[in-house]
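If you count by our numbering, then the sequence shown holds residues 21 to 149, one letter each, in order. Notes follow once the structure below has been shown.
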Amino acid sequence: MASVYIVEPQSLFEPELERLVSLAGARVAGSAAQLDLDEIIAAAPDAVLLDLDFTAYDVLDVLDVLQAEAPAIRPVVLTSERGRGRLDRCRAYGAAAVVSKDATDLEMVHDLRVVLDGGSVWDQRVEAA
Numbered sequence: 021m022a023s024v025y026i027v028e029p030q031s032l033f034e035p036e037l038e039r040l041v042s043l044a045g046a047r048v049a050g051s052a053a054q055l056d057l058d059e060i061i062a063a064a065p066d067a068v069l070l071d072l073d074f075t076a077y078d079v080l081d082v083l084d085v086l087q088a089e090a091p092a093i094r095p096v097v098l099t100s101e102r103g104r105g106r107l108d109r110c111r112a113y114g115a116a117a118v119v120s121k122d123a124t125d126l127e128m129v130h131d132l133r134v135v136l137d138g139g140s141v142w143d144q145r146v147e148a149a
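Listed below in structure tokens is the structure:
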């Protein structure tokens with residue numbers, strides 16, 4: 021069974037993300053409110069769901085480290101940020117997907133399945149300026 025590690029700084033949303041991972045047919049390999057790259061790499065999930073909005077972390081720096089140290093882990097960036105070029109930058113730094121927080125439950129489950137099956141998802145809502 022595929023596995024997903026969840027990084028969600030807002031504890032209110034963590035159970036919902038765990039539910040969506042389960043609906044996508046995967047198990048939760050671990051979850052944390054604070055980013056700990058060593059812990060994620062040690063857990064060796066198939067994918068990591070990263071919500072780094074409102075944290076001190078730059079998502080591109082995190083993607084760069086994951087690409088260099090654990091290229092088999094497929095990062096899924098969950099974001100409310102918008103801006104031209106954001107998808108291309110995340111893709112260039114190794115993201116497997118960038119998903120808007122405006123995604124419905126069904127969209128999120130679909131997107132996770134696509135990533136776990138080796139595909140990529142580029143939510144065009146993120147590009148809207």
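Ideal Cβ positions, reconstructed from N, Cα and C, are used throughout, including at glycine. In this text the structure is predicted, and so the values were computed from the model without any measurement.
- For S42, no beta strand (DSSP E) segment is defined; the enclosing uninterrupted segment is the alpha helix (DSSP H) at 34 to 43.
- Beyond the five residues adjoining it in sequence on each side, Y77 comes within less than 6 Å, by CB distance, of L55 in the same chain, given in chain order.
- By the neighbour-count criterion, in which 16 or more other beta carbons inside 10 Å mark a residue as buried, E28 falls on the buried side.
- Assignment of beta-bridge partners to P95 by DSSP yields V68.
- Distance between E101 and D73, taken at the CA atoms: about 8 Å.
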